[in-house]
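Numbering (our numbering), first residue to last: 155 to 580. From the three backbone atoms N, C-alpha and C, an ideal C-beta is built for every residue, glycine too.
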Ligand code: CA
């Protein structure tokens, strides 16, 4: 049976509210206090299945060399799409309630199944490169309205190509990593000269990202219809942003220090195969894109997304944004085709982010910049008193994402980070 079959059940009880039923099986890198070596695991309910353990005893051998006793998923990903799929099918079979091998082997269960609360999660991939797109029409319109001109919010290129920039791979961190408020050069519109200060407009950006699963040659172009075969899976991504630094520095080459200080990703990579049942048509693209960006079929995904904010002043967590990936204007396949049309090569472990995902409603905007309209309309938290225009020290931002189907939920878990005060220069 295909691993996405809705009727499949695991011998491990999985609560219907869990992000990780047997139909999901996302891959990640974990360790435990008792066994501190980093290795590959798969999430199932409240448990982590230790693939390095299964590989060691010969139950799963996708490669000639060990690919699961590794500190990153890259070696496994490099084996290619047919191996990702056959391995996921084998894992699905091992976890099924009607399959005895793991179910009836108590000592193997003890060694290979780790309670999730004991697992320490690490960055799932060695990030080869990081590209951030800008593919939500609503987000681009909002930012263009605030920073430039509401009458011409979208720049002329936006409807013709997926705008993007090359970010920093070195500062991609896993969920749970504290985020230090950056220092930098700012120039408020009223000031004559720039000055050096701690960022006063620290923000999050709600994004997803796909992970490239193949190396291409320099000069090679990935066709839009073949692009999805080169994607291993998706994660949630928070592109932390320093808006005051950004506004001064971004002309004419785009963001630099405003984005490079940290980018957080969720630890579990949901495979493109697991997302298949949640495929949807994207929005109509008018004007029609150039031929290299034209695609037929459904290339968006129904992924419900939300952002939670927790502050010291307000005891309860507030959900400040609810939106959906499905509204994205440019598809991931179009992003990858566009990225390589010049002949730029991509590598296993490249991280390609969607851009901030905003919907049409004011509570569906994927950044505080938009939610508070650059501070003009501060967001009121659930206690009715605490307000936020931008993030303050100690604030914790948590992104969630899940595909919610009729039969099961296929989720991403969370990506979370706490804001630490800026370091003062001694
Ligand atoms: Ca971004």
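* Asked: Buried or exposed: residue 187, going by 16 or more other Cβ atoms within 10 Å of its Cβ?
  -> exposed
* For ligand 1, is there a heavy atom less than 6 Å away from the beta-carbon of residue 292? -> no
* Any idea if residue 349 is buried or exposed, counting beta-carbon neighbours within 10 angstroms, 16 or more meaning buried? -> exposed
* Using a Cβ-Cβ cut-off of 6 Å (strictly less than) and excluding sequence neighbours within five positions of residue 436, which residues of its own chain qualify? -> 453, 454 and 485
* Asked: Using the C-alpha atoms, what's the distance from residue 200 back to residue 272?
  -> 10 Å
* Asked: To the nearest angstrom, how far is it from the Cα of residue 344 to the Cα of residue 330?
  -> 37 Å
* Asked: So residue 411 packs on residue 336, CB below 8 Å; how close in whole Å?
  -> 7 Å
* **C-alpha distance - residue 563 paired with residue 175, whole-angstrom precision** => 7 Å
* Can you tell me the Cα-Cα spacing of residue 574 and residue 545, whole angstroms? -> 10 Å
* **Cα-Cα separation between residue 182 and residue 303, rounded to whole angstroms** => 43 Å
* Where residue 264 falls, given that 16 or more other Cβ within 10 Å makes a residue buried -> exposed
* Asked: Is the region 495 to 514 touching the region 371 to 383, taking contact as three or more C-beta pairs under 8 Å?
  -> yes
* Asked: Nearest to residue 161 by CA position, among 177, 168 and 167, is which residue?
  -> 177
* Where the alpha helix (DSSP H) containing residue 386 begins and where it ends -> Taken as a continuous stretch (DSSP letters only), residue 386 belongs to no alpha helix (DSSP H), being part of the beta strand (DSSP E) at 385 to 392.
* Write down the C-beta distance between residue 282 and residue 503 rounded to the nearest angstrom, noting that I regard them as a contact closer than 8 Å. => 4 Å
* In chain order, which continuous runs of the alpha helix (DSSP H) of length 4 or greater are located wholly inside the region 260 to 324? -> 260 to 266 and 291 to 301
* Asked: What does a CB cutoff of less than 6 Å around residue 481 pick up in its chain, not counting 5 residues either side in sequence?
  -> 513
* To do: For residue 363, write down the residues that DSSP places opposite it in a beta bridge.
  => 389 and 507
* Asked: How far does the alpha helix (DSSP H) with residue 230 in it reach, from first residue to last?
  -> 228 to 231
* Asked: For the beta strand (DSSP E) that residue 204 lies in, which residues bound it at each end?
  -> 201 to 204
* Inter-residue spacing [alpha-carbon to alpha-carbon] between residue 125 and residue 301 -> In this structure the chain extends from 155 to 580, so residue 125 is not present and cannot be described.
* To do: Could you check which residue in 360, 451 and 401 has the C-alpha nearest to that of residue 378?
  => 451
* With burial defined as no fewer than 16 other Cβ atoms inside 10 Å of the residue's Cβ, what is the status of residue 359: buried or exposed? -> buried
* Asked: For residue 317, which residues from the same chain have a beta carbon less than 6 Å from its beta carbon, with the 5 sequence-adjacent residues on both sides left out?
  -> 288
* Any heavy atom of ligand 1 within a distance shorter than 6 Å of the CB on residue 403? -> no
* In three-state DSSP terms, what is residue 410? -> coil
* With respect to 6 Å, is the separation between the Cβ of residue 357 and the closest non-hydrogen atom of ligand 1 below this value? -> no
* To do: Give me the Cα-Cα distance between residue 192 and residue 229, rounded to the nearest whole angstrom.
  => 14 Å
* Three-way DSSP call (helix, strand, coil) for residue 221 in this model -> coil
* **N-terminal and C-terminal residue of the beta strand (DSSP E) that residue 458 is part of** => 458 to 464
* Length-filtered (4 minimum) alpha helix (DSSP H) runs lying within the region 508 to 573 -> 522 to 525
* Asked: Three-state secondary structure (DSSP) at residue 492?
  -> helix
* To do: Following the continuous beta strand (DSSP E) through residue 148, name the residue where it begins and the one where it ends.
  => Outside the displayed range of the chain (155 to 580) lies residue 148, so it cannot be described from this structure.
* Looking at the unbroken alpha helix (DSSP H) that takes in residue 239, where does it start and where does it end? -> 235 to 249
* Any chance the CB of residue 332 is under 6 Å from a heavy atom of ligand 1? -> no
* Roughly how many whole angstroms lie between the Cα atoms of residue 206 and residue 542? -> 45 Å
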